[in-house]
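**Q** Anchor point for the sequence shown: position 43 equals 724 in the working numbering, and the numbering is continuous, going up by one each time.
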Amino acid sequence: MANVIPQYRNINRYTWIKAEKLERVVASKLGTVSVLNGVVYPDRPKTIGRNNIAVPSGFWKMLFNKEKKYERCFYYENTIGLKTKGDKLRDHEVDCKSLHEGMKNKTPLQA
């Protein structure tokens, strides 16, 4: 599996992976969990490569199980050199209402 959207190494290896591990734990406890992932782009995103691929300013993740009334949401800044020492999953938890509203307006957590 590979990322199709540029994500800085420290986010992928040290912070985002904690949310992915939580997905497996929740799925195990609840029987199933649905996951939505999304990106946030600034008005003028940095680009990389000769194809000028836009680099997002952040990523969000929503875990939910409607039947069990479970929902947790997370946001991660896509910052080079992000300090990950001591990073906790709860440091990235956000109110899911902001994601719901953003998805309705097609602008989740604008940078």
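We put the beta carbon where it would ideally sit given N, CA and C, even for glycine.
1) Expressed to the nearest angstrom, what Euclidean distance is found between the alpha-carbon atoms of G762 and R690?
2) Would you mind stating whether D722 and P737 have Cβ atoms separated by less than 8 Å?
3) Under the rule that 16 or more other beta-carbon atoms within 10 Å means buried, what is G739, buried or exposed?
4) Give me, in chain order, the residues of the same chain whose beta-carbon lies closer than 8 Å to that of V714; leave out the 5 immediate sequence neighbours on both sides.
5) Less than 8 Å separating the beta-carbons of C754 and L770?
6) If you reduce the DSSP assignment to three classes, tell me which class I692 lands in.
7) Would K742 and N718 be called neighbours here (beta carbons separated by less than 8 Å)?
8) Please determine, among K764, A735, D776, E782, the residue with the shortest C-alpha to C-alpha distance to V685.
9) Can you tell me where the alpha helix (DSSP H) with K710 in it begins and where it stops?
10) Identify whether K778 lies in helix, strand or coil by the three-state DSSP scheme.
11) Please state whether DSSP places L763 in a helix, a strand or coil.
**A** On the basis of the coordinates in this document:
1) Position 81 of the sequence shown, counted from the start, is the residue given in the question as residue 762. Position 9 of the sequence shown, counted from the start, is the residue given in the question as residue 690. If you take the alpha carbons of G762 and R690, they lie about 9 Å apart.
2) Taking the first residue of the sequence shown as 1, we reach residue 722 at position 41. Taking the first residue of the sequence shown as 1, we reach residue 737 at position 56. The sequence as given places Tyr at residue 722; Asp does not occur at that position. Going by C-beta atoms, Y722 is nearer than 8 Å to P737.
3) On the sequence shown, residue 739 is found 58 positions in, with the first residue counted as 1. By the beta-carbon neighbour count (other beta carbons within 10 angstroms, threshold 16), G739 is buried.
4) If you number the sequence shown from 1, residue 714 lands on position 33. Cβ neighbours of V714 within its own chain (closer than 8 Å, five residues either side excluded): E704, V707, A708, L744, F745, N746, Y751.
5) By 1-based counting over the sequence shown, the position of residue 754 is 73. By 1-based counting over the sequence shown, the position of residue 770 is 89. Not in contact: C754 and L770 (Cβ atoms no closer than 8 Å).
6) Here residue 692 is taken as the residue at index 11 of the sequence shown, counted from 1. It is helical.
7) If you number the sequence shown from 1, residue 742 lands on position 61. If you number the sequence shown from 1, residue 718 lands on position 37. Yes, these two residues count as a Cβ contact at 8 Å.
8) Counted from its first residue, the sequence shown places residue 685 at position 4. Measuring from the Cα of V685, the nearest candidate turns out to be A735.
9) One-based indexing of the sequence shown puts residue 710 at position 29. Taken as a continuous stretch (DSSP letters only), the alpha helix (DSSP H) holding K710 covers 697-711.
10) Here residue 778 is taken as the residue at index 97 of the sequence shown, counted from 1. K778 falls in the helix class under three-state DSSP.
11) For the purposes of this step, residue 763 is identified with residue 82 of the sequence shown, where counting begins at 1. It is coil, neither helix nor strand.
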